[in-house]
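**Q** For the record, the sequence lines run as chains A and B.
Going by the working numbering, the first sequence opens with residue 37, and the numbers climb by one from there.
Going by the working numbering, the second sequence opens with residue 37, and the numbers climb by one from there.
Built from N, CA and C at the ideal position, the CB exists for glycine as well.
All values reported here derive from a predicted model rather than from experimental measurement.
Take a look at this one; I'll ask things after.
Number of protein chains: 2
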Amino acid sequence: MEKKGAILILSGPSGCGKSTLLKNVYKNISDYYFSISTTTREPRDGEKDGVDYFFVSKNEFEEDIKNGQFLEWAEVHGNYYGTSLKPIKKALNKGKLVIFDIDVQGHEIVRKKLNDLVTSVFITTPSLKILEQRLNNRDTDSNAVISKRLDNARLEIKSFQKYDYFIVNDDLEKASSELVSIANITRIKSKLYDNESIINNWIH
Amino acid sequence: MEKKGAILILSGPSGCGKSTLLKNVYKNISDYYFSISTTTREPRDGEKDGVDYFFVSKNEFEEDIKNGQFLEWAEVHGNYYGTSLKPIKKALNKGKLVIFDIDVQGHEIVRKKLNDLVTSVFITTPSLKILEQRLNNRDTDSNAVISKRLDNARLEIKSFQKYDYFIVNDDLEKASSELVSIANITRIKSKLYDNESIINNWIH
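Have a look at this one:
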């Protein structure tokens, strides 16, 4: 049965709990590839190059844009973020579930380019106030950065209906189980199957 | 948080195992309403009126068509099949997951009318040959009826890509778990949420 890989896109404001949710998903699914974004922003405490992001200079990033090396890229909070095309193609060809943690702009671009492969989820905290508390509590960002993140969250929430699913992360266990279910069924989207070969194999 | 009910549509040839799969789903989900179709065909051995179908006469069915009582209806294998509108509306207003077991034509009509609410799954056996074996083994239909069902299956499989998901029922446990996952996440489709109230509640 001919089948392609699939793409699962997660978006949602920094502080909504995406990373914790993803850790739970990884325990419960197999054969996935997590797309590591490339960025020009400074690493936070504990972040590692090649694990959390590929950290590059503005010059390097702009060079890659020129050479068409990005599936999508954008400037957010004054820094570049992008997804390199090569590893994604490789993983899809192996039939893997490729997981993206990207923003609303990135989601729109990937959807436009690879619509049939994409399932997408928007994740939020129950409210902006709770997001603010979480960002203050995690103590990794300056007040100015937190304030930028909140402004951005206010804008991004308006796009949630462009996503297939909407998860309000107020109960970690419930939200994790929803995300695991989505990850699992992302692989049986009918659009992922090769129409003609299915019908031919089925009838004969 | 304002939310509507949701619709899960299952289609697939008679003999693909839908009823057995559904029994497994019911054990694992809550707050659903299974839509009982109305038909003019004769009950099979063991089938009960009001449980498997509402069995009515051709005259009664045609009267209901005239009065706009059906969400969808069609003539298949020389008999009428349809879905009454009233109980569906009631269940959706209560926020329930409404499950339909309808054919390809019915799916197209319901999707056209209630697109935002619908998640759909096409279920098949691994091949037409295996479908034929299952229909012969269950020993409920005459050869003429089986032959009609196989002709119909040959046509219906061609529409599988109009559905959101495609399940090949060759491993009952795997297929059940996929269907349960779909049923669960059908309730968190972003389109089911009232856009404005979410955004207002979230920001304030």
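Which residues, taken in chain order from the segment 173–195 of chain B, show a beta carbon closer than 8 angstroms to some beta carbon of chain A?
**A** Those would be 190, 193, 194, in chain order.
**Q** Do the CB positions of residue 224 of chain B and residue 214 of chain B come within less than 8 angstroms of each other?
**A** The answer is no: Cβ separation not under 8 angstroms.
**Q** Enumerate in chain order the residues of its own chain whose CB-to-CB distance from residue 140 of chain B is below 7 angstroms, with the five nearest sequence positions on each side excluded.
**A** Result list for residue 140 of chain B: 47, 192, 195, in chain order.
**Q** With distances taken Cα to Cα, identify the nearest neighbour of residue 239 of chain A among B:148, B:74, B:186, B:116.
**A** Among B:148, B:74, B:186, B:116, the Cα nearest to that of residue 239 of chain A belongs to B:186.
**Q** Note the first and the last residue of the continuous beta strand (DSSP E) segment covering residue 119 of chain B.
**A** Unbroken beta strand (DSSP E) run through residue 119 of chain B: 115–120.
**Q** Beta carbon of residue 56 of chain A, beta carbon of residue 164 of chain A: below 8 angstroms?
**A** Cβ distance not < 8 angstroms, so residue 56 of chain A and residue 164 of chain A don't count as in contact.
**Q** Following the continuous alpha helix (DSSP H) through residue 216 of chain B, name the residue where it begins and the one where it ends.
**A** 208–221 is the span of the alpha helix (DSSP H), which, as asked, contains residue 216 of chain B.
**Q** Just the Cα atoms here: how many angstroms apart are residue 60 of chain A and residue 67 of chain A?
**A** Cα to Cα, residue 60 of chain A sits roughly 15 angstroms from residue 67 of chain A.
**Q** According to DSSP, simplified to helix, strand and coil, what is residue 75 of chain A?
**A** If DSSP states are grouped into helix, strand and coil, residue 75 of chain A belongs with the strands.
**Q** Cβ of residue 74 of chain B within 8 angstroms of Cβ of residue 92 of chain B?
**A** Closer than 8 angstroms, so yes.
**Q** Using the beta-carbon of each residue, which ones in chain B are nearer than 8 angstroms to residue 200 of chain A?
**A** Within chain B, the residues near residue 200 of chain A are 225, 226.
**Q** Reducing DSSP to helix, strand and coil, say where residue 199 of chain A ends up.
**A** In this structure, residue 199 of chain A counts as coil in the three-state DSSP scheme.
**Q** Name the one or two DSSP bridge partners that residue 144 of chain A has.
**A** DSSP lists no partner for residue 144 of chain A.
**Q** Using the C-alpha atoms, what's the distance from residue 159 of chain B back to residue 241 of chain A?
**A** An answer regarding residue 241 of chain A cannot be provided, because it is not within the stretch 37 to 240 covered by chain A.
**Q** Restricting to Cα atoms, I'd like to know which of A:52, A:237, A:177 is closest to residue 80 of chain A.
**A** For the residues A:52, A:237, A:177, the minimum Cα distance to residue 80 of chain A belongs to A:177.
**Q** Which whole-angstrom value is the C-beta distance of residue 296 of chain B and residue 71 of chain B, which I expect to be below 8 angstroms?
**A** Coverage of chain B is limited to positions 37 through 240, which leaves residue 296 of chain B absent and any answer about it impossible.
**Q** Nearest CA to the CA of residue 116 of chain A: which residue from A:76, A:128, A:106?
**A** For residue 116 of chain A, the nearest C-alpha among the options comes from A:76.
**Q** If you measure from the beta carbon of residue 141 of chain B to each beta carbon in chain A, is any gap under 8 angstroms?
**A** No, residue 141 of chain B lies away from the interface with chain A (no Cβ there is under 8 angstroms from its Cβ).
**Q** CA-CA distance, residue 237 of chain A and residue 97 of chain B?
**A** So the two alpha carbons sit approximately 38 angstroms from each other.
**Q** For residue 83 of chain A, report the span of its alpha helix (DSSP H) as first-last.
**A** Segment: none, residue 83 of chain A is in no alpha helix (DSSP H) and carries neither H nor E.
**Q** Could you have a look at residue 226 of chain A and say whether DSSP puts it in helix, strand or coil?
**A** Note: residue 226 of chain A maps to helix in three-state DSSP.
**Q** Determine the direct distance from the alpha carbon of residue 49 of chain A to that of residue 188 of chain A, and round the result to whole angstroms.
**A** Distance between the alpha carbons of residue 188 of chain A and residue 49 of chain A: 8 angstroms.
**Q** Examine chain A for any beta-carbon lying closer than 8 angstroms to the beta-carbon of residue 105 of chain B, and answer yes or no.
**A** Not an interface residue.
**Q** The alpha helix (DSSP H) that contains residue 68 of chain A, what's its start and end?
**A** Unbroken run through residue 68 of chain A is the beta strand (DSSP E), 68–70; no alpha helix (DSSP H).
**Q** With a threshold of 6 angstroms on Cβ separation, who are the neighbours of residue 131 of chain A within its own chain once the five nearest residues in sequence on each side are excluded?
**A** Taken in chain order, the residues that qualify are 41.
**Q** Which residue or residues does DSSP assign as beta-bridge partners of residue 158 of chain B?
**A** According to DSSP, which records beta bridges pairwise, residue 158 of chain B is partnered with B:47, B:202.
**Q** Please list the partners that residue 229 of chain A has in chain B, where partner means a Cβ-to-Cβ separation under 9 angstroms.
**A** By Cβ distance, chain B contributes 196, 197, 202.
**Q** Considering only the beta carbon of each residue, do residue 44 of chain B and residue 219 of chain B sit closer than 8 angstroms?
**A** Going by C-beta atoms, residue 44 of chain B is nearer than 8 angstroms to residue 219 of chain B.
**Q** Going by DSSP, which residues form a beta bridge with residue 62 of chain A?
**A** Paired residue(s): none; residue 62 of chain A is not in a bridge.
**Q** Work out the CA separation of residue 95 of chain A and residue 184 of chain A for me, nearest whole Å.
**A** The straight-line gap from Cα to Cα measures roughly 24 angstroms.
**Q** Since residue 137 of chain A sits in a beta bridge, which residues does DSSP pair it with?
**A** Partner(s): A:46.
**Q** So, for residue 51 of chain B: in the same chain, excluding its five sequence neighbours on each side, which residues have a beta-carbon less than 6 angstroms away from its beta-carbon?
**A** If we look at residue 51 of chain B and ignore the five residues flanking it on each side, its Cβ neighbours are 167, 170, 171.
**Q** From B:69, B:64, B:142, pick the residue whose C-alpha is nearest to that of residue 106 of chain B; which is it?
**A** Residue B:142 is the option with its Cα nearest to residue 106 of chain B.
**Q** In whole angstroms, give me the CA-to-CA distance for residue 234 of chain B and residue 114 of chain B.
**A** Looking at the two C-alpha atoms, the distance is approximately 47 angstroms.
**Q** Whose C-beta lies closer than 8 angstroms to the C-beta of residue 65 of chain A among residues of the same chain, with five residues either side of it excluded?
**A** Result list for residue 65 of chain A: 133, 216, 219, 220, in chain order.
**Q** Specify, as a first and last residue, the run of the beta strand (DSSP E) that residue 107 of chain A falls within.
**A** That run of the beta strand (DSSP E) goes 106–112.
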